[in-house]
Amino acid sequence: PTRTLVRVRNAASEELSTLRNSLIPSLMDVVLHNLARRQTEIFLFEVGAVFAQLPDGDYSETLKAGFAITGSVFPPGWDARYPAADFFTAKGVVQTLLETVGVAEAEYEALDDPRFHPGRSARVLAGGRELGVFGELHPDVLEQLDITRRTVLAGEFDVQTLWSLAERRVRYEPLPKYPAVLRDLAVVAAEDVPYQTVERTVKQAGGALLENVRLFDVYRGERIPEGTRSLALSLTFRSPERTLTDEEVDEIVARIVHALEEIGARLRT
Numbered sequence: 010p011t012r013t014l015v016r017v018r019n020a021a022s023e024e025l026s027t028l029r030n031s032l033i034p035s036l037m038d039v040v041l042h043n044l045a046r047r048q049t050e051i052f053l054f055e056v057g058a059v060f061a062q063l064p065d066g067d068y069s070e071t072l073k074a075g076f077a078i079t080g081s082v083f084p085p086g087w088d089a090r091y092p093a094a095d096f097f098t099a100k101g102v103v104q105t106l107l108e109t110v111g112v113a114e115a116e117y118e119a120l121d122d123p124r125f126h127p128g129r130s131a132r133v134l135a136g137g138r139e140l141g142v143f144g145e146l147h148p149d150v151l152e153q154l155d156i157t158r159r160t161v162l163a164g165e166f167d168v169q170t171l172w173s174l175a176e177r178r179v180r181y182e183p184l185p186k187y188p189a190v191l192r193d194l195a196v197v198a199a200e201d202v203p204y205q206t207v208e209r210t211v212k213q214a215g216g217a218l219l220e221n222v223r224l225f226d227v228y229r230g231e232r233i234p235e236g237t238r239s240l241a242l243s244l245t246f247r248s249p250e251r252t253l254t255d256e257e258v259d260e261i262v263a264r265i266v267h268a269l270e271e272i273g274a275r276l277r278t
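Note that the working numbering has the sequence shown beginning at 10, numbered continuously upward.
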């Protein structure tokens with residue numbers, strides 16, 4: 010629904026004249042506070058209420074969970090310095106949140122939100138309902154905050170929606186008895202084909218013997234046509250009943266490749 014700010018009567022100051030409708034500004038205040046004190050590796054969480062006025066004049070109060078990241082999420086060691094957090098770091102945080110709560114089969118869609126970088130952000134949905142948004146903050150936003158030469162990630166999620174979709178029964182699976190078979194695929198897909206579509210296509214074509222799909226590289230550049238990118242996928246196959254043969258896996262991979270061609274993707278050569 011369309012939401013507008015809730016104004017406070019007789020506010021003590023202009024800064025306190027509205028109730029917050031997002032956790033991200035307050036998270037950015039804490040990020041700025043830490044950066045000003047030379048704390049450059051920042052990973053913050055907050056759970057709190059946000060408020061909005063609805064079109065019918067009523068008011069809503071929603072409990073949200075938010076996070077902000079900048080710098081590395083790991084402390085530097087004497088022999089190494091970990092890379093700075095990026096979109097995939099934030100996506101890992103989101104996936105961990107969903108797995109911990111017990112939300113299955115979440116989908117990621119492109120996000121149209123001026124606060125976020127258009128190519129490095131996403132809406133998260135499950136059961137046809139929006140759970141939240143996350144991604145890299147837009148350079149214009151960082152410029153307004155006087156944050157330079159660094160990437161800042163942020164996100165916020167509706168706690169009640171998460172909880173309503175959570176699987177409350179914990180399920181346990183036995184440890185695997187048989188070895189996995191690993192295969193890597195490099196797939197060239199158009200920029201307007203979301204990775205979520207590629208992953209869903211691979212899983213559907215792979216069937217029950219496809220245990221896991223992991224994106225480990227995205228490449229744009231030489232020998233990759235303009236308007237496309239190369240997605241490197243690691244596929245894990247396993248049967249709970251027997252050791253898979255190379256022939257079985259080859260047949261499944263061929264089925265996956267054919268399914269990818271149906272959505273306009275092709276193997277990188």
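Glycine is no exception: its CB is placed at the ideal position from the N, C-alpha and C atoms. Just so it is clear, the structure is predicted and the values come from calculations on it, not from any experiment.
Task: Cross-strand partners of residue 135 (DSSP beta bridge) - done: Residue 135 pairs with 138.
TODO: Compute the Euclidean distance between the alpha carbons of residue 164 and residue 94, then round it to the nearest angstrom.
DONE: So the two alpha carbons sit approximately 14 Å from each other.
TODO: Between the Cα of residue 3 and those of 238, 42, 133, spot the shortest distance and give me the residue it belongs to.
DONE: Residue 3 is absent from the model: the chain starts at 10 and stops at 278.
- [ ] Tell me, to the nearest whole angstrom, how far the beta carbon of residue 98 is from that of residue 32; I am working on the premise that it is less than 8 Å.
- [x] Going by Cβ atoms, the distance from residue 98 to residue 32 rounds to 19 Å, so no, they are not a contact pair.
- [ ] Look at residue 53 and residue 36 and say whether their C-beta atoms are less than 7 Å apart.
- [x] Judged by their CB atoms, residue 53 and residue 36 are nearer to each other than the 7 Å cut-off.
Task: Pair within 7 Å by beta-carbon distance, residue 131 and residue 146 - done: Their beta carbons are not under 7 Å apart, which means residue 131 does not touch residue 146 by this criterion.
Task: Beta-carbon separation (whole angstroms), residue 198 vs residue 274, contact threshold 8 Å - done: So it is a contact: roughly 4 Å between Cβ atoms.
Task: Cβ neighbours of residue 271 in the same chain (closer than 6 Å, five flanking residues each side left out) - done: Residues of the same chain with a CB within less than 6 Å of the CB of residue 271, apart from the 5 flanking positions on each side, do not exist.
TODO: Output yes or no for whether 7 Å exceeds the beta carbon distance between residue 245 and residue 221.
DONE: Inclusion of residue 245 and residue 221 in the CB contact set at 7 Å is warranted, their separation being smaller than that value.
Open item on the list: Taking the straight line between their C-alpha atoms, what separation do you get for residue 233 and residue 200?
Closed with: If you draw a straight line from the Cα of residue 233 to the Cα of residue 200, it is about 11 Å long.
Task: First and last residue of the uninterrupted beta strand (DSSP E) at residue 62 - done: That run of the beta strand (DSSP E) goes 51–62.
Task: residue 72: first and last residue of the uninterrupted alpha helix (DSSP H) it sits in - done: Run containing residue 72: none in the alpha helix (DSSP H); it sits in the beta strand (DSSP E), 68–79.
- [ ] Locate the beta strand (DSSP E) running through residue 281, then write down its first and last residues.
- [x] This structure does not reach residue 281, given that the chain is present from 10 up to 278, and the question cannot be answered.
Task: Within 7 Å, strictly: CB atoms of residue 58 and residue 110 - done: No, the Cβ-Cβ distance between residue 58 and residue 110 is not below 7 Å.
- [ ] Following the continuous alpha helix (DSSP H) through residue 217, name the residue where it begins and the one where it ends.
- [x] Annotation: residue 217 is outside any alpha helix (DSSP H) and is labelled neither H nor E by DSSP.
Task: Paired residues, beta bridge with residue 130 - DSSP - done: Residue 130 has 144 as its beta-bridge partners, per DSSP.
Task: Residues near residue 240 by beta carbon distance below 7 Å, same chain, minus five either side - done: Here the set comprises 196, 198, 204, 207, 224, 227.
TODO: Could you tell me which residues DSSP pairs with residue 225 in its beta bridges?
DONE: Answer is none; residue 225 lacks a bridge partner.
TODO: With DSSP as the reference, label residue 164 as helix, strand or coil.
DONE: Three-state DSSP puts residue 164 in a strand.
Task: Spatial neighbours of residue 29 in its chain, beta-carbon cut-off 6 Å, leaving aside the 5 residues before and after - done: These residues qualify, in order along the chain: 59.
- [ ] Give the DSSP-derived three-state secondary structure of residue 82 in the structure shown.
- [x] Three-state DSSP puts residue 82 in coil, outside helix and strand.
- [ ] Run the CB neighbour count on residue 267, radius 10 Å, all protein chains shown included, and call it buried at 16 or more, exposed below.
- [x] It counts as exposed.
Open item on the list: Strictly by DSSP, which residues pair up with residue 196?
Closed with: Answer by DSSP bridge pairing, in chain order: 240, 276.
- [ ] Find the nearest neighbour of residue 13 within the set 46, 191, 68, judged by alpha-carbon distance.
- [x] With respect to the C-alpha of residue 13, the residue from 46, 191, 68 having the closest C-alpha is 68.
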